[in-house]
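Single-structure report; data block below.
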């Protein structure tokens, strides 16, 4: 009887162990992989609303921050990526716009009243209440979007930073695009009238100068836009040629998705990202 009980217990353990889905080792999950905490992700960010690993900066727009499984979101990975110190005790992160932690909706965590569109109010409205349209929703100006950004080319609400790459900026309905919402998200001062808006399809880093000694491909300096093939940083309007891909990329996003900028060089760099942040 004792022998039978032992064999039954052993069988039960094997069945249970076979049914359990083991968690991924800490820090091994890549972007879009399921996660239970920030520590599971290689990016250090488990989307607060989605429970999927996300880019540290992009998550602040699309997911209300990082920290899935915690009662409130955080921007710890983004601060580390920007070279900022950890938050002091009591210094609690709140989503862009100073709103309470998001609870749903396809937005980027900003739930203000749309007053952060930095001068886009001159565009005719569509009758939608200010700040009520979420990402991909149709809009006539920045003020209608919860993100404070109406894609300059698409006329759809977009994430403040992502729009700089994908949509040429914010400000649909105006004569020129702007990066007002992105500047507010980064904690930067509003652009002065003398500061020209970023050119379409880049993220505001317009160095146009090669950052390394890699041979060129014959393309004029600074003429290639995001996803265009490149031989070095100088060929890209964003100042960043993805280190692994050899394609022009957003200066900050490339640090997460491409190992940095500097295709053709022996090591990657973050030169365009530093310039974008105003760092030396």
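Residue numbers (mature numbering (1 follows the signal peptide of the UniProt record, and there is no 0)): -18 to -1, 1 to 262. Note that CB positions come from ideal geometry on N, CA and C, so glycine has one too.
Enumerate in chain order the residues of its own chain whose CB-to-CB distance from residue 17 is below 7 Å, with the five nearest sequence positions on each side excluded. The residue given as residue 17 occupies position 35 in the chain shown. So the list reads 11, 23, 28, 33, 34, 35 and 50, once near-sequence residues are dropped.
Which value, in whole angstroms, describes the spacing of the CA atoms of residue 242 and residue 74? Counted from its first residue, the chain shown places residue 242 at position 260. Counted from its first residue, the chain shown places residue 74 at position 92. Straight across, the Cα-Cα distance linking residue 242 with residue 74 is about 29 Å.
For the alpha helix (DSSP H) that residue 235 lies in, which residues bound it at each end? As a position in the chain shown, residue 235 is number 253, starting the count at 1. Segment 235 to 239, the alpha helix (DSSP H) holding residue 235.
So what does DSSP say about residue 254, is it helix, strand or coil? Translated into positions along the chain shown, residue 254 becomes position 272. Helix, per DSSP.
Let me know if residue 129 comes out buried or exposed under the rule of 16 or more other beta-carbons within 10 Å of its beta-carbon. Here residue 129 is taken as the residue at index 147 of the chain shown, counted from 1. Taking all protein chains shown into account, residue 129 has 16 or more neighbouring C-beta atoms within 10 Å of its C-beta and is therefore buried.
Rounded to whole angstroms, what's the CA-CA distance from residue 258 to residue 110? Just pull it up for me. Numbered from 1 along the chain shown, position 276 holds the residue referred to as residue 258. Numbered from 1 along the chain shown, position 128 holds the residue referred to as residue 110. Roughly 33 Å between the two C-alpha positions.
Looking at the strands, I want to know which residues DSSP matches up with residue 211. Counted from its first residue, the chain shown places residue 211 at position 229. For residue 211, which the question treats as bridged, DSSP gives the partners 229.
Who does residue 223 pair with in a DSSP beta bridge? The count along the chain shown starts at 1 and reaches residue 223 at position 241. Bridge partners of residue 223: 230.
Between the alpha carbons of residue 31 and residue 64, how many angstroms are there, rounded? Taking the first residue of the chain shown as position 1, residue 31 is located at position 49. Taking the first residue of the chain shown as position 1, residue 64 is located at position 82. Distance from the CA atom of residue 31 to the CA atom of residue 64, rounded to whole angstroms, is 23 Å.
What is the rounded straight-line gap between the Cα of residue 237 and the Cα of residue 38? Working through the chain shown from its first residue, we reach residue 237 at position 255. Working through the chain shown from its first residue, we reach residue 38 at position 56. Straight-line Cα distance between these residues: approximately 10 Å.
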